[in-house]
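Structure first, then comments.
There are 2 protein chains.
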Amino acid sequence: MMDKDSVKQLDAILRPQSVAVIGASTSPDKMGHEILKNIIDSGFKGSVHPINPKADVILDLPCHKSVKDIEGPVDLAVIIIPARFVPQAVQECGEKGVKGAIIITGGFAEAGEEGEELQQQVIAAAQKFDVRLIGPNCQGVNNPHHPLCASWPLLTYAGKVALISQSGTVGAAMMDWFSEEKLGTSSFVSMGNRADVDEADLIAYFNQDPNTEVIAAYIEGIKRPEQFIQAVEQLQKPLVILKSGRTPKGKVAAESHTKALAGADAIYEALFAKYDICRAYTAEEFYDYAKALAYLKPPQGNRILFITTSGGAAILATDQAEQEGLDVSPLPQEAVEAITPLIPAHAIKANPVDLTGDATARMFGDVMEVTRKYYDTLGVIFGDPVEDASKVVTADANELIIFYGGADVERHESELMHLKGIPVFPTPERGIKALARVLERKTLDAPQRPTLTVPAAGRQLPLHQAFARIAEQGLPCTDFALADSQSSAVQIAKEQGFPVALKISSPDILHKSDVGGVKLNLGSAEALEKAFDELLSAVKSSNPQARIDGVLVSKMASPGLEVIAGMNRDPQFGPVILFGLGGIMVEIFQDVSLRLLPLTREDALAMIREIKGYGLISGYRGRPAVDEEALADCLTAVARIAESDPEINEIDLNPLFAYPDGILVADARIIVRD
Amino acid sequence: MMDKDSVKQLDAILRPQSVAVIGASTSPDKMGHEILKNIIDSGFKGSVHPINPKADVILDLPCHKSVKDIEGPVDLAVIIIPARFVPQAVQECGEKGVKGAIIITGGFAEAGEEGEELQQQVIAAAQKFDVRLIGPNCQGVNNPHHPLCASWPLLTYAGKVALISQSGTVGAAMMDWFSEEKLGTSSFVSMGNRADVDEADLIAYFNQDPNTEVIAAYIEGIKRPEQFIQAVEQLQKPLVILKSGRTPKGKVAAESHTKALAGADAIYEALFAKYDICRAYTAEEFYDYAKALAYLKPPQGNRILFITTSGGAAILATDQAEQEGLDVSPLPQEAVEAITPLIPAHAIKANPVDLTGDATARMFGDVMEVTRKYYDTLGVIFGDPVEDASKVVTADANELIIFYGGADVERHESELMHLKGIPVFPTPERGIKALARVLERKTLDAPQRPTLTVPAAGRQLPLHQAFARIAEQGLPCTDFALADSQSSAVQIAKEQGFPVALKISSPDILHKSDVGGVKLNLGSAEALEKAFDELLSAVKSSNPQARIDGVLVSKMASPGLEVIAGMNRDPQFGPVILFGLGGIMVEIFQDVSLRLLPLTREDALAMIREIKGYGLISGYRGRPAVDEEALADCLTAVARIAESDPEINEIDLNPLFAYPDGILVADARIIVRD
């Protein structure tokens, strides 16, 4: 939990007044030397205290044997000593009243059982004295605004993006790119093993940091989902996440459609979609998206005009723009006339405006001035060595600047633009993709927090009980009743009206059709009697040990659009609601949408509309549209069941028939905790 | 057509002995000065002749008034004078016996009708004297091996990749990147308007160029499909194509840029797949794929071991590798034991081998030596500033080198590796994607050339004629006969056996169901009689003018898997064969595969297997597999019809039913040329 006090305490790490370097070294090739030097060279304005029992002076600073020997308060300790000495060092920090510690040293939980034990000792010592910890096994912290570089390499450009990384390298690469492009960062925190401070803490911290406008986090997994969700719910700034570990190594056993399709990564997708988190899939997207969200002003709409020296570059940009759903709309006639006197006769006055290779920066500037009012964004592509390009562009003016094919001029002008805080993208495609992420971002309404529960192994409810649970939520189910004999089955069928279906009801049989446990479309008492016997004998011969509750008789549903609705309780994120086309569609095309709780009616409608096969729902080739409202009711009802009954781990309504005027649940599978 | 003579003639452009620069200028900021200077500064060893009627000496070279005044032979003229003077200049080149000309000047076909007329004059002059032309409206030619830079900027690194570009900028950006990375190129040709020499000529030329190992082409459309296909059929080297104009708007942009005739993108996909052309979708992929194909030795298989200093970078690499179908298989126990003494105790001995941030280049080298024999590729990720990394890597040794997060050390070591001819990729994802393209490349069997024909508007064959055309290829069709009356329909149905279907047969009705022209599942003579009347009156009331051939009576097909097979004759590429799942699947999910002719049996089987819904064909949830061989027969039969009868523009077999032991064509639509 990030309350105000703990935020203040992270200030001890990111904005300390005094720093002790425990393990400072006299030897220039040691990390304990480099970090001390970087703290000094980064321009840190507070006091710095090297700690090393064997030295008197390091880098002209007096050395102490222990942090406890320092006169005056110490906010932060940076620890670079062998792992086995770290618990004692943290203990001494606590005794001294140090508020935060960065443990660079590796050899803890990442290195096996012994290391795990050491890490527990470190945590215990820190908790005893309320010392907040970064690491262990990390690359430190760098805040170029404070300034303080308790990390490596020494990078000092101060910018707008806070980097949080579970991997030192991924974070360092981002730092390096932002530094190389003269944009800088607002802070870098390498989280290492996350023994204490994690992404939830840091997102909350940087949400309140005045220097940070965008947070970019590399994670391999979320450590505390509840706190993470709390942090992103309160977040007022864009968050870009590069989440690795996307592809499953092994296949999840297809116990149910919902479970098979709602794998770990799909859940992260759903979580990120819900909280408007911008997901990057590659290191380069991670950089581009963070850069765009920090330095591009959000446009009012998606209309873009390309202005370029290069027809080829503009076509590449247009391809990408169409793919991202931007509107590359034609240049209005009025604008055509306005730019005509400004540009060469052979220039192409359309969208893109192609100034041809003869263009000067001045021409770009003139055309930009005149056309600005007709579009939400000007996509300016300097596709040649355009000298002085940096002189005609403006920060925060809804200009997307791409510089491509300009060689040394490109490198020089791009640097000048970056120094002005104007982001420049190196290819048309990267620029457009990044702009699209800025356009996607919406304002958040702080949705409610989902309930998170512990998962458990499960037991399948008998069919009639499952139907009852569904029906009590007001969802129409197929007429059904449990028959214990051939004659009672016939009696039930006569009451329901033929044709009917028979299905075995047994807690031990998951896939009823696979064992001959289903008979459909029985049109008469004779057909039913025959089918009843066949069904029972097929089931008994294939599953002699199965407990049999009876045979479920249900009226055949009239044909409708077959869809699926379901819920699976994820160990980390709680209930995940699923919707998709049923039958073959779900198995072959995996055309489903997912959402986490809480599920609003709008969420439910959005789920229905975002599947690829939505055309089948909205009406197809003269077939009538089916009842979206009833489907949305069904999804919110499934969500209510999941919320109200934590014992239920899984719900599968499949098939669910959708009609022009309602729906019908034709089969239901509910797994409850054992 | 590229015969040996025309290849030799392109030598006049790419390997001239003497060059005239028509429009050479004394003014350093003019293109006519810069190109002359670049020719000299690139180290060109032949004679250089500036042509300018108003100057005596330019850049210390004696100037002539006309190319005809030069003593001795001239191989190449580079023309940089206003467009209106170019036809005369080309005429003079012809009279002088110049073999090739590069026309840099713009203002030709790309600039409207007047320019188009000028371009025609240029072409006429060139053809009269057999002068081969590059351009007009282009950025020239650069061959760093010869050497000769008749282009800008001056880039002189000689490498293995030949660049061909319809856009000066896209080509120049590639040149610049190859130059910045110290890899260089084998040649660069900016094709401009392609008045004469086009991509087909240049692919043929570079196929024979000893300095070229990979050809990389940026195109907006293929100029002469037949010659292009001929060139790629004979191609022995990898070809990477960045084809823009992918999306509908992008296509419009392509047409207005250089008047390229851009075909539908799906057809390009099919063409590239057929001829094993590596397609790039972005400028960056274009570079990475060309670089990988030129500098990475093709591995024997897809097993890869990652060796890294960074766990995070290795997870990103693994994600991408799984997505690309690489096999990140576990480190054999034998290898674990072999590397244990070589690396720190806390290193992770698995796949990836994580040496942790403490690793030295030496450790990398030791581990690479020991593990090489167990894998097809070593994926070496220097995920930190690893000094001397360049000393432990080897060219052509199936090492994929990624350097990421190494800041200045990364830049320095990468340059050293590039100078050794070892490609280094800047992120895990880019490296893996590029390697995957190298793995995909297969040896070509020089397939036969397709027949290309001119398209025409069409007329639909009556159903019974369409069925007859299909049946004569040995494809089983539904029993069918044309009835001219209710009673003859009943007679036919009795012979076929009930249930039957009725379908209107009229050349004027394309969508039969939409006008009530189809009645299915008629189980008795009575039902048939009633349906016959209903059908005719429905059709007559909706289409009173339609010519009616009769009513087709056909036996109902027994239910099978509904698929679609078809052919559409493309104006550029000739017949395109299509296969997909039928009914809703094809309309909603557009899950189809396409191929150009000629279609081998293997092609046909590959088409069937590459659709997403292949699971339905190979057997699904206990349903039997359907007859792939019969489906392949059907596709090759469709291809045969298309080949043998150029009058047929379109074939649509839909539905086509597939069974475990055969297929049945249940409906057929054939459009013939009017």
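These protein sequences, in sequence, are chains P and C.
The opening position of the first sequence corresponds to residue 1 in the working numbering, with each subsequent residue numbered one higher.
The opening position of the second sequence corresponds to residue 1 in the working numbering, with each subsequent residue numbered one higher.
We put the CB at the ideal spot given by N, CA and C, even for glycine.
Assuming residue i contacts residue j (C-beta within less than 8 Å), just tell me the rounded distance between them.
i, j, result
"A632 (chain C)", "L605 (chain C)", "5 Å"
"A407 (chain C)", "P428 (chain C)", "Between P428 (chain C) and A407 (chain C) the Cβ distance is about 17 Å, and since that is not below 8 Å, they are no contact."
"G135 (chain P)", "A195 (chain P)", "7 Å"
"V328 (chain C)", "A335 (chain C)", "About 14 Å; that fails the 8 Å criterion."
"V238 (chain P)", "R441 (chain P)", "Checking the sequence, you will find Pro at residue 238 (chain P) rather than Val. Right, the Cβ-Cβ distance comes to about 6 Å (below 8 Å), so this counts as a contact."
"L305 (chain C)", "T356 (chain C)", "Contact doesn't hold; Cβ gap of about 17 Å is too wide."
"L331 (chain P)", "A350 (chain P)", "6 Å"
"F108 (chain P)", "Q119 (chain P)", "4 Å"
Can you tell me the Cα-Cα spacing of residue i and residue j, whole angstroms?
i, j, result
"T377 (chain C)", "S42 (chain C)", "38 Å"
"L242 (chain P)", "A557 (chain C)", "53 Å"
"N193 (chain C)", "N143 (chain C)", "20 Å"
"I617 (chain C)", "G662 (chain C)", "12 Å"
"H511 (chain C)", "L435 (chain P)", "44 Å"
"R15 (chain P)", "L76 (chain P)", "9 Å"
"I267 (chain P)", "F85 (chain P)", "40 Å"
"N137 (chain C)", "I104 (chain C)", "5 Å"
"P28 (chain P)", "C63 (chain P)", "16 Å"
"K8 (chain C)", "M175 (chain C)", "25 Å"
"R601 (chain C)", "V592 (chain P)", "35 Å"
Identify which residue in the options has its Cα closest to the Cα of residue i.
i, options, result
"Y295 (chain P)", "P:F382, P:G184, P:I13, P:A350", "P:G184"
"K433 (chain P)", "P:G550, P:A280, P:S558", "P:A280"
"F382 (chain P)", "P:R623, P:L133, P:L400, P:Q486", "P:L400"
"A173 (chain C)", "C:G431, C:A216, C:T309, C:V336", "C:A216"
"A395 (chain C)", "C:F129, C:G421, C:F403, C:V86", "C:G421"
"H464 (chain P)", "P:G474, P:R430, P:S505", "P:S505"
"D388 (chain P)", "P:A642, P:E415, P:R669", "P:E415"
"I315 (chain C)", "C:A489, C:V353, C:A126", "C:V353"
"F272 (chain C)", "C:A313, C:S310, C:N302, C:I222", "C:I222"
"G301 (chain C)", "C:L439, C:S541, C:Q227", "C:L439"
"G517 (chain P)", "P:L419, P:G312, P:V551, P:E285", "P:V551"
"N568 (chain P)", "P:I470, P:D652, P:T282, P:Q486", "P:D652"
"L59 (chain P)", "P:V424, P:I307, P:H33", "P:H33"
For residue i, collect the residues of the same chain with a Cβ closer than 8 Å to its Cβ; drop the 5 residues on either side in sequence, then sort them by chain order.
i, result
"I39 (chain P)", "V19, V21, V48, V78, L148, C149, A150"
"P450 (chain P)", "At P450 (chain P), the pLDDT of 33 sits below 50, so the modelled position is not reliable; the number obtained from the coordinates is stated separately. Hits under 8 Å: I229, F573, G574, P575, L596, L597, P598."
For residue i, collect the residues of the same chain with a Cβ closer than 7 Å to its Cβ; drop the 5 residues on either side in sequence, then sort them by chain order.
i, result
"E92 (chain P)", "S66, V67, K68"
"G112 (chain C)", "none"
"A483 (chain P)", "A489, I492, G550, V551, V553"
Tell me whether residue i sits in a helix, a strand or coil according to DSSP, three-state version.
i, result
"N211 (chain P)", "coil"
"F678 (chain C)", "Given a span of 1 to 674 for chain C in the structure shown, any question on residue 678 (chain C) remains unanswerable."
"R132 (chain C)", "strand"
"S488 (chain P)", "helix"
"C634 (chain C)", "helix"
"L578 (chain C)", "strand"
"H146 (chain C)", "coil"
"P341 (chain P)", "helix"
"C278 (chain P)", "strand"
"R411 (chain P)", "helix"
"I671 (chain C)", "strand"
"S167 (chain P)", "coil"
What does a CB cutoff of less than 6 Å around residue i pick up in its chain, not counting 5 residues either side in sequence?
i, result
"G523 (chain P)", "F498, P499"
"E413 (chain C)", "A389, S390"
Which residues in chain A have a C-beta closer than 9 Å to the C-beta of residue i? List them in chain order.
i, result
"R84 (chain C)", "Judged by its chain identifiers, the structure shown contains no chain A, and its protein chains are P and C."
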